[in-house]
Amino acid sequence: MANNNIYETSLFDTIKEFSGLIAKLVSGLVVLIVIFLGVGLYQSSVNGSSSIGANDTTWVPDYSFKTGKAGSKVQFVYFVDFQCSACKGNDPALIAVMDKYKDRVQFVIRNYPLTDRHPYARVAAEAGMAVNKLNPEKFLDFKKAILAQQEAMTPTLITQIAKQNVTNATEYDKVSGSIEIEKQVKRDLAFISSRNLKPSAFQDPSTKPTGTPTNVILKDGQVDSWWIGGQSLEEQSKQIDLALAK
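Numbering (this note's numbering), first residue to last: 5 to 250.
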């Protein structure tokens, strides 16, 4: 009897160990499948965004913030990252140039969140688009406030500033987390990051807009001049005047 008990116990342990091994193998296989699918989906997303951006030719989509002269043949498209220090430094000149040419040029603001170095840039971009959708007349106030508190930026602060610039905070909560807003920011990012342009203004040999702010002046819907970074009111005025004179 003793020997039978020992045998039965050993057999049970063997079966238990074998079952444990099978469970580990299955778990490992599941993990590998999840990783494989995740990488595939990510790569598909990246390739898809690049393809969409390359095929998108619309510099001024309907959803973008616009001010100045609607229907102008000259448009100034400004790609901003709200966590970019250069965008903050350039904001006074941008405000000045928008005021100077408000009766002659249409100004358009789009998003270029550099998420590899600015962790809250996309959140801020989506908040800005939500403000623009709900209360477009308050978008510039949002931009000014978010840039002013750039060093203290957190998701909580972004939401707080955004809600101060909409009339319905509950509606903001619905809009800011919507697929529509997410797609708008993704489209802006895919569009500008896939551009291949002629050498930019100010003797810069660059042909790819790889930084912020990216400034683009259009004449009749075509790129007339562009540059990365801030410029003085005088320098920006020169580029706009050249486009207006053509």
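Here a beta-carbon is modelled for each residue, glycine too, at the ideal position from N, C-alpha and C.
Pop quiz: V109 and I244 are said to be a contact at Cβ under 8 Å. What is the actual Cβ separation, rounded to whole angstroms? 6 Å
Please classify R199 as buried or exposed, where buried requires at least 16 neighbouring CB atoms within 10 angstroms. buried
Local conformation of N59 per DSSP, three classes: helix
Here's the rule: buried if 16 or more other CB atoms are within 10 angstroms of the residue's CB, otherwise exposed. What is N172? exposed
Are the CB atoms of G72 and M271 within a distance shorter than 9 Å? Coverage of the chain is limited to positions 5 through 250, which leaves residue 271 absent and any answer about it impossible.
C-alpha distance - K3 paired with E239, whole-angstrom precision: Summary: the structure shown does not reach residue 3, with the chain confined to residues 5 through 250, and so no result is reported for it.
Let me check understanding here. Comparing Cα to Cα, which of C88, V170, S241, R121 lies closest to D145? V170
Does the count of Cβ pairs from the segment 74-89 and the segment 114-131 closer than 8 Å reach three? yes
Less than 7 Å between C-beta atoms, sequence neighbours within five positions excluded: which residues of the same chain meet that for V179? A134, K137, L138, I185
Can you give me the C-alpha to C-alpha distance between T163 and E175, rounded to a whole angstrom? 13 Å
Strand pairing of N2, partner residues [DSSP]: Outside the shown range of the chain, which is 5 to 250, sits residue 2, and nothing can be said about it.
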